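Colleague: Sending over a structure as structure tokens; questions will come in a sec.
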Amino acid sequence: MQSDPVHPIDYRYGTEEMKSIWSERSKILRMVEVEVALLKALAKKGYLSEEEVNKAEKVAGNVTPERVKEIEAEIKHDVMALVKALSEEVEKVSSEAARWIHFGATSNDIIDTATATQLRDSVSILERKLVKLAEVLVEKADKYKNTLCLGRTHGQAALPTTYGFRFALWAAEVARHIERLEELKPRLLVGQMSGAVGTQAAFGEDGIEIEEEVMRILGLRPAIISSQVIPRDHYCEYVSFLANVSATLEKIATNIRILQRAEVAELMESFGKKQVGSSTMPHKRNPIDCENVCGLARVVRGFDEPQRESSILWEERDLTNSSAERITLVESTVLLDHILTKMIGVIERLEVNEENARRNLERLRGINLSEAVMIELTKRGMGRQEAHELVRKAAMRSYETGKNFAECLIEDEKISKILSHDDVHRLLVPENYLGTVGRKIEAVKKYVEEVTARVKSG
129 MQSDPVHPID YRYGTEEMKS IWSERSKILR MVEVEVALLK ALAKKGYLSE
179 EEVNKAEKVA GNVTPERVKE IEAEIKHDVM ALVKALSEEV EKVSSEAARW
229 IHFGATSNDI IDTATATQLR DSVSILERKL VKLAEVLVEK ADKYKNTLCL
279 GRTHGQAALP TTYGFRFALW AAEVARHIER LEELKPRLLV GQMSGAVGTQ
329 AAFGEDGIEI EEEVMRILGL RPAIISSQVI PRDHYCEYVS FLANVSATLE
379 KIATNIRILQ RAEVAELMES FGKKQVGSST MPHKRNPIDC ENVCGLARVV
429 RGFDEPQRES SILWEERDLT NSSAERITLV ESTVLLDHIL TKMIGVIERL
479 EVNEENARRN LERLRGINLS EAVMIELTKR GMGRQEAHEL VRKAAMRSYE
529 TGKNFAECLI EDEKISKILS HDDVHRLLVP ENYLGTVGRK IEAVKKYVEE
579 VTARVKSG
């Protein structure tokens, strides 16, 4: 009897595009593909004819997960079960080709090389979506480059900034992840055909050429050296990369959630006409996609440590990595793709309430521009530390009395001797204290365009 799905990835999380890469059927077919690539490499070296390999290739796709499981239940070895299932099919058309199946290979030659093809296809999807996210963030940066808002540090009022600057900050971070992925790919997308302990002894002097030919057929690089398994630092770097991206996505999602709070209301996730926010409070518009991103990002990062532990193997290898990696590689990849897809949708449809952003900025009565006053006093001859203390005291009086900050500044005789009434009011205009915001946004736009263009050009 078929059991109902248990894991939420089966029925709730993940895109079909990514899940299809990591499905059981996909894994088996990719392992068969590696076995066929080995036959082709052996044929090139004269072990068997290309004609016999062609016969084998035509029926190789007939291997089913069901038959592999059936054999595995008897012999208790997953790869040998696949080898037997493939041999059964090939034997029907070519006993000569069946004779050479899995020749010279060890289990992880097939497993790790098949995994490399999964990683290759997964990385392609992740890269495409990172590019998309960077581009939509840049679009928002350009659209809202002049949308003033209150900067906040420690959750408290700070200098003014713009929403364009915020979006640009996030876009640059995503672009760096794209660069990291480009740097990672040559180290990650490697396979092996190295035999029982990595020495390629069964192939003799043909070992390196056979391995290179198998990888050429599969579109991979051969590992420069491996034992019975690909060294797991390759996978550790990949899962750490996923964890790093997840942290960026959670940071963006967290800030959107903060800025969607009722008392701030500057950003808002889109909300469908029939969407329900609460089972008991009909008015609710909850940032559920960002909350989903935050929750699952933590799960992705949780796979970083078990993957690192899986790199600590005895001598040429033991089996402690195998069970863990059936989970770590699959779930971290599927969930990162899921939240990356979510974040693209959130940013594309994000609502920016410019009126509320301006209202929240003006509500402070200029007090958040205290630095501008201090800097101007210093420029006009006052010591920086004295200027800091005078402006600080004026700010505290504004807090305590509820007076406008400008009034509290002008009341101070030392300040009013240097700065006129008009000077003070000019200094407290937020548009006048944005520094290089515009140039920084343009620099990010150029950077993102260069990074994404490199990826798109291949």
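Residue numbering for the sequence shown follows my numbering, starting at 129 and increasing by one per position.
C-beta: ideal position from N, C-alpha, C; glycine also.
All of these numbers come straight from a predicted model, not from anything done at the bench.
Go to Thr234, then tell me how far its alpha helix (DSSP H) extends in each direction, as first and last residue.
Modeller: Here residue 234 corresponds to residue number 106 of the sequence shown, with the count starting at 1. Careful: Thr234 lies outside any alpha helix (DSSP H) and carries neither H nor E.
Colleague: Shortest alpha-carbon distance to Pro434 belongs to which of Ile538, Cys364, Lys268?
Modeller: Counted from its first residue, the sequence shown places residue 434 at position 306. For the residues Ile538, Cys364, Lys268, the minimum Cα distance to Pro434 belongs to Cys364.
Colleague: State the DSSP-derived secondary structure class of Met321, mapped to helix, strand or coil.
Modeller: Counted from its first residue, the sequence shown places residue 321 at position 193. Of the three classes helix, strand and coil, the one that applies to Met321 here is coil, per DSSP.
Colleague: Glu443 by DSSP, collapsed to three states: which one?
Modeller: Position 315 of the sequence shown, counted from the start, is the residue given in the question as residue 443. If DSSP states are grouped into helix, strand and coil, Glu443 belongs with coil.
Colleague: Return the residue from the list Glu541, Met396, Ile495 that minimises the CA-CA distance to Glu528.
Modeller: The residue you call residue 528 lines up with position 400 of the sequence shown. Comparing Cα positions, the closest option is Ile495.
Colleague: Confirm, please, whether the CB-CB distance from Leu166 to Thr245 is below 9 Å.
Modeller: For the purposes of this step, residue 245 is identified with residue 117 of the sequence shown, where counting begins at 1. For the purposes of this step, residue 166 is identified with residue 38 of the sequence shown, where counting begins at 1. No, they are not a contact pair.
Colleague: At the level of alpha carbons, what is the spacing between Gln328 and Pro314?
Modeller: In the sequence shown, residue 328 corresponds to position 200, counting from 1. In the sequence shown, residue 314 corresponds to position 186, counting from 1. Cα-Cα distance, rounded: 22 Å.
Colleague: Assuming contact is defined by CB atoms lying nearer than 9 Å, are Leu457 and Tyr561 in contact in what I supplied?
Modeller: Here residue 457 is taken as the residue at index 329 of the sequence shown, counted from 1. Here residue 561 is taken as the residue at index 433 of the sequence shown, counted from 1. Contact flag unset, no.
Colleague: Is it right to say Met321 is buried, meaning 16 or more other beta carbons lie within 10 angstroms of its own, or is it exposed?
Modeller: The residue you call residue 321 lines up with position 193 of the sequence shown. Under this definition Met321 is a buried residue.
Colleague: I need the straight-line Cα distance from Val196 to Glu339, nearest angstrom please.
Modeller: Taking the first residue of the sequence shown as 1, we reach residue 196 at position 68. Taking the first residue of the sequence shown as 1, we reach residue 339 at position 211. Cα-Cα distance, rounded: 26 Å.
Colleague: If we ignore side chains and look at the alpha-carbon of each, how far apart do Thr243 and Arg308 end up?
Modeller: Position 115 of the sequence shown holds residue 243. Position 180 of the sequence shown holds residue 308. One C-alpha to the other measures close to 20 Å.
Colleague: Kindly indicate which three-state DSSP category Pro410 falls into: helix, strand or coil?
Modeller: By 1-based counting over the sequence shown, the position of residue 410 is 282. Coil at Pro410, not helix or strand.
Colleague: Is the number of C-beta pairs between the segment 257-271 and the segment 228-239 that are closer than 8 Å three or more?
Modeller: With a cut-off of 8 Å, the segment 228-239 and the segment 257-271 do not count as touching, because too few Cβ pairs lie within range.
Colleague: Are the segment 400-419 and the segment 441-460 in contact at 8 Å, needing three or more beta carbon pairs?
Modeller: The answer is no - the segment 441-460 does not touch the segment 400-419, with fewer than three Cβ pairs under 8 Å.
Colleague: Is it buried or exposed for Ile336, if we count other Cβ within 10 angstroms and need 16 for buried?
Modeller: Within the sequence shown, residue 336 is the residue found at index 208, counting from 1. The residue in question, Ile336, is exposed, as its Cβ has fewer than 16 Cβ neighbours within 10 Å.
Colleague: Indicate the three-state DSSP secondary structure (helix, strand or coil) for Gly566 in the structure shown.
Modeller: On the sequence shown, residue 566 is found 438 positions in, with the first residue counted as 1. Reduced to three states, the DSSP call for Gly566 is helix.
Colleague: With H, G and I counted as helix, E and B as strand and the rest as coil, what does DSSP make of Val557?
Modeller: Taking the first residue of the sequence shown as 1, we reach residue 557 at position 429. In this structure, Val557 counts as coil in the three-state DSSP scheme.
Colleague: Report the three-state DSSP secondary structure of Val480 (helix, strand or coil).
Modeller: The residue given as residue 480 occupies position 352 in the sequence shown. Strand, per DSSP.
Colleague: Considering Cα atoms alone, identify which of Thr241, Val325, Glu391, Ala500 is closest to Asp446.
Modeller: Locating residue 446 in the sequence shown gives position 318, where the first residue counts as 1. Considering only alpha carbons, the answer is Val325.
Colleague: Any idea what DSSP makes of Pro415, helix, strand or coil?
Modeller: Residue 415 sits at position 287 when you count from the first residue of the sequence shown. In the structure shown, Pro415 sits in coil (DSSP, three-state: anything other than H, G, I, E or B).
Colleague: Is the beta carbon of Ala184 less than 9 Å from the beta carbon of Ala226?
Modeller: Residue numbering aside, residue 184 sits at position 56 when the sequence shown is read from its first letter. Residue numbering aside, residue 226 sits at position 98 when the sequence shown is read from its first letter. Yes.
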